[in-house]
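Novice: According to our numbering, the residues represented by the sequence shown are 644 to 1353, in order. Just so it is clear, CB atoms sit at the ideal spot from N, CA and C, and this is done for glycine as well. Dumping the structure here so I can ask a few things about it.
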Amino acid sequence: STATIPLAIALVREFTGCAQEQAEAKGNFSSTDYSYEALADGDADLLLVYEASEQTKVKLNVEQNFDITPIGLDALVFIVNADNPVNALTTAQIQDIYSGKITNWKELGGKDLPIFAFQRPNLSGSQTMMQKLVMGDISVAQAPSEFIEGDMAGLIRRIASYDNTANAIGYSVYYYAKNMYALPGLKFIAVDGVAPSETNIAARKYPFINEFFAVLPQNAAGNPKLLRDWLLTDDGQVFVQSCGYVPISPAAAPETPAAAVNTQDLWDKDYFAVLYGEGETRLVYDSKGQPTGSFTLRGLGQETWLSPGLHTAQELAEEVLFVNGKQLPLAPETVHLPTGRHANGFTRFDDAEGILYVYDKNFKLKYTVDAEPDVDYYEYDVHHYDVTASVFPLGENELVFFSFSRTVDFVRPQMRSKTGKLLAYPTLKDPTARIVGVFAEKYLLTQAKDETWSICDLDGNVRVSNTTPVAQEIEYISSWGSWSDFFPSRYYVKNGWLYGADLRPISVAKLNPAYQLYRTDFYREVGPFIEGLRYDLGGAISTGEVFGSKWGAFIQGWANDTVYVRRGDKIYQFATDNPCLQVQDFNDNFVYLYNSKTKRGEVRLLKTSEVFLWEGDYYRLNLSDYYFTVDVRHFPVDSFEKGYHIFDQAGKLRYSAGDNYWCWFRPLPGEVVLMQRGPYVGIADMDGNWLIKTLQAYNAYDVYDTYHIF
């Protein structure tokens, strides 16, 4: 079970004598019901788990086939927002809340607010505990879908920050809520005059006690049984308690003292750490490693994906609406709809009802659009998969644009005010063209049947024909997260010249129209550069390709046994006799070069002039400001052994995971690294020591693939 993973890792250390990192790396965990199935299938010898769901008990005939022994105590606890003045409830009051008899907090001595009683799905373990320990024969009232949370972390997160109010109540298991998902803004409720605590749970004074177990096959022998039996001894129970759990029997050891609060910054104080919670929940920590809140990706759209790592307060606010420790409300009435981003906020489109909801950057509803289809408005015979809608700035107004699918009924683009008032339906003088986006926020971008692009004014007149628009890669994201159908742009290319918003050539871009274009099919704006055009580097001509990194976009070209690289207004030079050697990334300490034809790569340490060389394709390399990481996946290459490694700016090996399938790193700003080791994901220092960590309780290979899509 997720909540027993720390105990399992501690047992590995206790009985093998290995280091913490080795014990973590041995772990490959699933979840409670899957664990019972693994034992039934012979894929496990011993389980450390909570109670199985009723469905699994029946399916596996658990009581007959397994030897189930309690080894520790937990409890079902009730949680509210810290702003709620109610500190205690009786069992009868909780039953009345969840059966629907009590619906307002004022009936319980609280504020005059409706009670939002959160639940878990019927087959979840905590819902089973709720019915068994609290409700008994009393039926739980059917909750609205928005008050049923699929994962425990999501429920806790919503209780801690739901709409910035004190309306909500929910439940969890004590160990998980206190030790594994502690959030600011959360308060435990006393029940029948008894507060949930280790002492009250151990003395069984708290009313809703729940055990967790060591589980063996019936008639098991050998080491699994010896280990289970040891956990029941005095030494074993002291060990259980030392790991932060409540033992099943009184133990000699005192309660585990609370961890000291760190007073030093673990990383740059301008950054917050984002780590995984359960499901779509993400946890946020300040630079001292203290939890400051959490947010959810649910309802933000596929193209909103804030990766685990270090992020600024501005990034958290703009990407996931996380401000001052809480996430702004996400329009729960439409949270099930596909979400898009536009320059000034979000959109949600209900294609079943034909309604577009347009929100601002704080997810406040600005206006709705009734998207009735205009039959045969276009002559295109288009067959896609969905209907989506986007909003683009167009002067002082907005262009509401629809893309369409599985129908020949289309919706005309609409020009609206920023309050939603319909101003016009833009039309084109060319009946064979269609509007596909905007140019420079003041023209219409169109495409004809032969796929040639044109720029038209708002009266439908063609201003520029047969052009190639430049996609803005960073500023806007379409609702598809793709440029294949439509995109906004502010530059275009024609006959080798770059043109701007005034439809005139831009000479200050240092472009030479005689240069051969690197690509003729597509252009995009990456930072200050236009991919596909060739720039003068003051000694070489750029290839036309633009490279991006967290230090900024750059271009490069080769001449005179030198790679010339430009980032911003500064030009760098790196000596090489190989014109195929390209700079993949660089900063003040390192430069990473690679030749895809010869499979030759190298990292140069700019302060020591040391060079790491290798041959082969089976690695990943990433740069940080202070170190670089190498992942050699299949077999050693010249300079590196198989596995994950961290080298500092002096070329010293600081940490190596060796040939460890369950460990990986990703560089972060400063002298810290994002790391997974076994079931944990967190922030570590350059020597592999954890600074903060959270559990990632499923197959690490899935996590590995997930993290490497960024």
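By the DSSP assignment, the beta strand (DSSP E) with A1218 in it spans what residues?
Specialist: Here the beta strand (DSSP E) through A1218 covers K1213 to A1218.
Novice: Taking Y679 as part of the alpha helix (DSSP H), name the residues at either end of that continuous run.
Specialist: From DSSP, the alpha helix (DSSP H) with Y679 extends over T675 to A683.
Novice: Measuring alpha carbon to alpha carbon, tell me which residue in T746, E750 and G752 is nearest F759.
Specialist: Per the Cα distances, T746.
Novice: Looking at E961: is its Cβ nearer than 7 Å to the Cβ of L949?
Specialist: Against a cut-off of 7 Å, the Cβ pair of L949 and E961 comes out as no contact.
Novice: Between the Cα of V1169 and those of G1143, W748 and A1196, spot the shortest distance and give me the residue it belongs to.
Specialist: Comparing Cα positions, the closest option is A1196.
Novice: With DSSP as the reference, label Y1270 as helix, strand or coil.
Specialist: Note: Y1270 maps to strand in three-state DSSP.
Novice: I need the DSSP call for W1307, collapsed to helix, strand or coil.
Specialist: Strand.
Novice: In or out: T1095 buried (at least 16 other Cβ within 10 Å) or exposed?
Specialist: Classification of T1095: exposed, given that the 10 Å Cβ count is below 16.
Novice: Pick out whichever of R1133, N1138, R991 and K1137 has its Cα sitting closest to the Cα of F1145.
Specialist: Here residue 1145 turns out to be Asp, not Phe, going by the sequence shown. Here the closest residue by C-alpha is R1133.
Novice: Could you give the residue range of the beta strand (DSSP E) that holds L1096?
Specialist: Here the sequence assigns Trp to residue 1096, which means Leu is not the residue at that position. Residues W1096 to C1099.
Novice: Which same chain residues, not among the five before or five after A845, have their C-beta less than 8 Å away from its C-beta?
Specialist: Excluding sequence neighbours, A845 sits near L716, V889, P890 and P893.
Novice: Starting from S937, trace the beta strand (DSSP E) both ways and give me its first and last residue.
Specialist: P934 to T939 is the extent of the beta strand (DSSP E) around S937.
Novice: Give the straight-line distance between the Cα atoms of N905 and Y1323, rounded to the nearest whole angstrom.
Specialist: About 20 Å.
Novice: What span of residues does the beta strand (DSSP E) with V705 cover, start to end?
Specialist: First-last for V705: V705 to N708, but that is the alpha helix (DSSP H), not the beta strand (DSSP E).
Novice: To which residues of the same chain is K1004 closer than 7 Å at the C-beta, ignoring the five residues directly before and after it?
Specialist: Contacts found: N987 and G988.
Novice: In the DSSP assignment, the beta strand (DSSP E) including E961 goes from what residue to what residue?
Specialist: No beta strand (DSSP E) holds E961; the alpha helix (DSSP H) holding it covers A956 to V963.
Novice: Quick one: using the 10 Å Cβ neighbour count with 16 as the cut-off for buried, is I648 buried or exposed?
Specialist: Burial call: buried.
Novice: Measuring CB to CB, does L1266 end up less than 7 Å from Y1287?
Specialist: It is not a contact, given that the beta carbons lie outside the stated cut-off.
Novice: Do the region 1248 to 1261 and the region 1216 to 1236 meet, that is, are 3 or more Cβ pairs less than 8 Å apart?
Specialist: Contact holds: three or more Cβ-Cβ distances are below 8 Å.
Novice: Here's the rule I'm using: 16 or more other beta-carbon atoms within 10 Å means buried, otherwise exposed. How should S1239 be labelled?
Specialist: Classification of S1239: exposed, given that the 10 Å Cβ count is below 16.
Novice: Who are the near neighbours of T699 in its chain, counting only those whose CB is closer than 6 Å to its CB and skipping five residues on each side?
Specialist: Counting only Cβ-Cβ distances below 6 Å, and skipping sequence neighbours, we find D676 and Y679.
Novice: Is DSSP giving K848 helix, strand or coil here?
Specialist: Coil, per DSSP.
Novice: Spatial neighbours of Y1223 within its chain, please: C-beta separation below 6 Å, excluding the five flanking residues on both sides.
Specialist: It is Cys, not Tyr, that sits at residue 1223 in the sequence shown. N1238 and K1240, listed in sequence order.
Novice: Taking only three categories from DSSP, how would you classify V729?
Specialist: It is coil, neither helix nor strand.
Novice: Is K969 buried or exposed, if buried means 16 or more other CB atoms sit within 10 Å of its CB?
Specialist: K969 comes out buried.
Novice: Taking DSSP as the reference, what is the three-state secondary structure of E667?
Specialist: Helix at E667.
Novice: Which ranges would you report for the alpha helix (DSSP H) in the region 821 to 876 if only whole runs of at least 4 residues count?
Specialist: With a minimum length of 4 residues, the continuous alpha helix (DSSP H) runs that stay inside the region 821 to 876 are 841 to 845 and 866 to 874.
Novice: Taking the alpha-carbon positions, what's the L953 to G1294 distance?
Specialist: Approximately 24 Å between the Cα atoms of the pair.
Novice: Would you decide whether Y1119 is buried or exposed? Buried here means 16 or more other CB atoms lie within 10 Å of its CB.
Specialist: The pLDDT assigned to Y1119 is 37, lower than 50, so where the model puts this residue is not dependable, and the model offers no usable value.
Novice: What is the DSSP secondary structure of D1145, reduced to helix, strand or coil?
Specialist: Note: D1145 maps to coil in three-state DSSP.
Novice: Suppose you measure from the CA of L1176 to the CA of D1268; what does that come to, to the nearest Å?
Specialist: Cα to Cα, L1176 sits roughly 30 Å from D1268.
Novice: What residue range does the beta strand (DSSP E) around A653 cover?
Specialist: Here A653 belongs to no beta strand (DSSP E); instead the alpha helix (DSSP H) covers I648 to T659.
Novice: Might you give, ordered along the chain, the residues of its own chain that have their beta carbon closer than 7 Å to the beta carbon of E1245, omitting 5 neighbours on each side?
Specialist: Hits under 7 Å: L1236, V1254, F1255 and L1256.
Novice: Between which two residues does the alpha helix (DSSP H) containing D1372 stretch?
Specialist: The shown model of the chain, from 644 to 1353, leaves out residue 1372, and the question about it has no answer.
Novice: Buried or exposed, going by whether 16 or more other CB atoms sit within 10 Å of the CB of L713?
Specialist: According to the sequence provided, residue 713 is Pro. The question's Leu does not apply to it. With fewer than 16 other Cβ atoms within 10 Å, it is exposed.
Novice: Among the candidates G1200, D1204, I740 and K1213, whose CA atom is the shortest distance from the CA of Q1227?
Specialist: Checked all of G1200, D1204, I740 and K1213; the closest Cα to Q1227 is G1200.
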